[in-house]
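Order-wise, the sequence lines are chains P and Y.
Under my numbering, think of the first position of the first sequence as 1, with each following residue one higher.
Under my numbering, think of the first position of the second sequence as 1, with each following residue one higher.
Glycine is no exception: its CB is placed at the ideal position from the N, C-alpha and C atoms.
Okay, so here's the structure we're looking at.
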Amino acid sequence: MKRVLEGSHSVAEAVRLAKAEVIAAYPITPQTHIVERLSDFCADGSLNARYLRVESEHSAMAALIGASSAGVRTFTATSSQGLALMHEVLHWASGARLPIVLAEVNRALAPGWNIWTDQTDSLAQRDTGWIQLYCETGQEVLDTTLQAFRLAENVSLPVMVVLDAFYLSHTYEPVDVPDQEQVDRFLPPFTPRFMLDTERPCAFNQMAPPDVYMEMRRSIQEGMEEALGRFAEMEDEFKKIFGRSYGAVEPIACEDAEIILVTSGTMSSTCRQLVKELRSRGEKVGILKIKLFRPFPAESIRRRLKTARKAAVIDRNFSFGSGGIFAGEVKAALCDIPERPVVFSFIAGLGGRDVTVGDLENIYMQTKNHDVPQQESIWTGLRPASAPAPDLKR
Amino acid sequence: MQPEVPDRDYMFPGHVGCPGCGAAIAMRFLLKALGEKTVMVIPACCWSIIAGAYPQSALKIPVLHTAFETGGAVASGVRAALDMKGDTETTVVTWAGDGGTFDIGFQALSGAVERNEDFLYVCYDNEAYMNTGIQRSSSTPYGAWTTTTPGRDWKKMRKKNIVEALVAHRIPYAATASIAFPEDLFRKVAKAKAIKGARFIHIFASCPTGWRIPSEISVKIARMAVQTNIFPLYEVEDGLRYTINFFPKGYLVKEYFRLQGRFKHLTEKDLDQIQSMVEEDWKLLLRKAGLS
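Put into structure tokens, the structure is as follows:
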């Protein structure tokens, strides 16, 4: 049924439809609407789950590690500082092979305090062994949350569903909310291979000396490798039932494109608008939207980008001392193929600064007008050093 | 009337604890009282090692090893999951050292107790970070040497009173226990098992390695801690009703201190001061129990 839903509520609807059994969460803006709505569902009985109102994000993830180890479906949501606080136990969740699902609303890290969108928080967790899926629209948020449970349980790895602060979390869009019967067909009840069970007592996560640790790590990587194939299978199944799919990457007007803008999240929508305008003026431009960041779909990215002359990767994030994080990953994926585009790396919209169609056109023109990038990372939309600070009285 | 402690053990004959390890004795009696319908959460502590490395385990019950500060939170999650599956019979127990309870795990423990999660939290207290090599914790007593309070920098702060901190949460049941009083320990665990909501047991567990004592006096030292009123045995119901379980006959703390290498630097004057600190704490406890 089509409903007009806030992005945060799309997450909550999906969690309700997925019949999550234990939810643990701690409030942080801009994630709060997700867990408030889930609290309503638990209170009015539309979701039969235990909701743990824990005293920190670290404890939220820790509680889910306990619940998931005991064999039930689990969910939490967080942002920014909260995700950073979870860091230690994010490693624990993947190392223990627990299919926990987390909705992460991208928000800038402090200082200074900033509640607006920025991907550095989730991308800083890229080495924690979590699958990461980035969303562009309210519908994609709902669908991806449902997909996350199935993918997580298929490969025994936790999944992070990532959505932009405010542009997605607080924006209302028409969203098709599927029937429970459809969701049940797509997502059967969670049946763990191992769990805490007094009938079959086992020790979990115990000491692992050098003679066994490495194989355990390798098996996590095998799970990640499996996730690439499973993602495609899962999307085929999703499409059969719901009529929609997204792809690990989505190429938009890439076939004959000479310049491809590489994007993620809501900035992809602004790029779609720009590409429509540029195409009408005869420019050969396309978009490659990256949805799946971990495991990184390097092969799909190589296939889509290798025929372009140039790729402009637009990062709403930054790794200090290195550069845009998507750009670094894309360059690494391309470096071993003989024919590859020149990669330009642009930094835009940190801390929620608006990125308009005009800003993106500027990025396109800079890419078009230079044979090679002028800088390793080109920061766009900065106030000139000579410009005065914003007027506080305004 | 003390209960009959069953012969059946839920530990295998084999673990990697040090000789005389009080924490191993404590675990043995705890499990005798809890039985096999128990799921145990062990945050980082000596027992992360004592239980054995993959693929072996010294315990006959399911064990979830977890990160240092998560004892209260992980157990909350296990309880929630078991409840969702309709299993209200299994006891969920967190088994943590003093570092994981008094220090790094205190937030998660306080949160779980405030929410009155239906679980038992047991702290086996060996009064320092023993597993990492005897560093001071907020449970380390006044006067103790540790590797981070060496020489003249021996610890000058009191031991944190963890039971009173939890009593302030109005926890349904809190008790102290000692490996030297196994029947009392067994009775308290059995009593805690039958209570709904959050329960806390603080077990005094001597550490020959860290306390610099011969392993054969491990239990004797634990007994002396009770006999000198350094570690009184008592229980508190609903954060209000105090019961003192053992009234000592006036042993002096210096008899306890003189047997342990960790206190050997203390002067007579220091020991006199500690004696009066212990007496002060005992009077306070008597007052809370309505006995003074």
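### Task
Taking Y/Met-130 as the query, report the chain P residues whose CB atoms sit under 8 Å from its CB, ordered along the chain.
What Y/Met-130 touches in chain P: nothing, since even the nearest Cβ is about 16 Å away.
### Message
Tell me which residue opens and which closes the alpha helix (DSSP H) that Y/Ala-24 is part of.
### Response
22-34
### Query
So, is the C-beta of Y/Lys-85 closer than 8 Å to a C-beta in chain P?
yes
### Message
Does chain P have any CB closer than 8 Å to the CB of Y/Ala-75?
### Response
Closer than 8 Å: yes.
#### Entry: Reference Y/Gly-72; option with closest CA among Y/Asp-103, Y/Thr-140 and Y/Pro-150
The residue from Y/Asp-103, Y/Thr-140 and Y/Pro-150 with its alpha-carbon nearest to that of Y/Gly-72 is Y/Asp-103.
### Query
Thinking C-alpha only, which one of Y/Pro-182, Y/Tyr-54, Y/Gly-151 and Y/Ser-139 is nearest Y/Gly-22?
Considering only alpha carbons, the answer is Y/Pro-182.
### For Y/Tyr-234 and Y/Leu-285, believed in contact at Cβ under 8 Å, the rounded distance
7 Å
### Query
With respect to the alpha helix (DSSP H) encompassing P/Cys-135, which residues constitute its N-terminal and C-terminal limits?
Neither: P/Cys-135 is in no alpha helix (DSSP H) and is coded neither H nor E.
### Message
Using a Cβ-Cβ cutoff of 7 Å, what residues of the stretch 11-30 of chain Y are near chain P? List them in chain order.
### Response
none
### Query
Where Y/His-65 and P/Ala-84 are concerned, what is the direct C-alpha to C-alpha distance, given to the nearest angstrom?
22 Å
### Message
Can you give me the C-alpha to C-alpha distance between Y/Tyr-256 and P/Glu-55, rounded to a whole angstrom?
### Response
40 Å
### Task
Would you kindly check if the distance between the Cβ of P/Val-357 and the Cβ of P/Ala-311 is under 8 Å?
no
### Query
How would you list, in chain order, the residues of chain P whose beta-carbon sits under 8 Å from the beta-carbon of Y/Ala-67?
Per Cβ cutoff of 8 Å: Ala-62, Glu-88, Val-89 and Trp-92.
#### Entry: Three-state secondary structure (DSSP) of P/Ser-319
strand
### Y/Pro-172 - DSSP class collapsed to helix/strand/coil
coil
### Query
So, does the CB of Y/Gln-260 fall closer than 8 Å to a CB anywhere in chain P?
no
### Message
Between the alpha carbons of P/Lys-289 and P/Gln-273, how many angstroms are there, rounded?
### Response
14 Å
### Message
Cutting at 7 Å between CB atoms, please list the residues of its own chain near Y/Asn-229, excluding the five before and the five after it.
### Response
Pro-248, Val-278 and Trp-282
### Query
alpha helix (DSSP H) containing P/Ser-169: first to last residue?
Segment: none, P/Ser-169 is in no alpha helix (DSSP H) and carries neither H nor E.
### Message
Taking 6 Å as the limit between beta carbons, can you name the residues of its chain near Y/Ser-206, skipping five residues before and five after?
### Response
Gly-22, Ser-218, Ile-221 and Ala-222
### Query
Under the three-state reduction of DSSP, which class applies to P/Trp-379: helix, strand or coil?
In the structure shown, P/Trp-379 falls within a strand segment according to DSSP collapsed to helix, strand and coil.
### Query
Y/Val-78 touches chain P at which residues, Cβ-Cβ below 8 Å?
Gly-66, Ala-67, Ser-69, Ala-70 and Leu-196
### Query
Using a C-beta to C-beta distance shorter than 8 Å, which residues of chain P count as neighbours of Y/Thr-88?
Within chain P, no residue comes near Y/Thr-88; the closest Cβ sits about 12 Å away, beyond 8 Å.
### Query
Cβ atoms of P/Ala-333 and P/Phe-296: under 8 Å apart, would you say?
yes
#### Entry: P/Ser-69 vs P/Phe-204 beta-carbon contact at 8 Å
yes
### Message
With three or more beta-carbon pairs closer than 8 Å as the criterion, would you say the stretch 102-110 of chain P touches the stretch 235-255 of chain P?
### Response
no
#### Entry: Residues of the stretch 203-217 of chain P whose Cβ lies closer than 8 Å to any Cβ of chain Y, in chain order
Ala-203, Phe-204, Asn-205, Gln-206, Met-207, Ala-208, Pro-209 and Val-212
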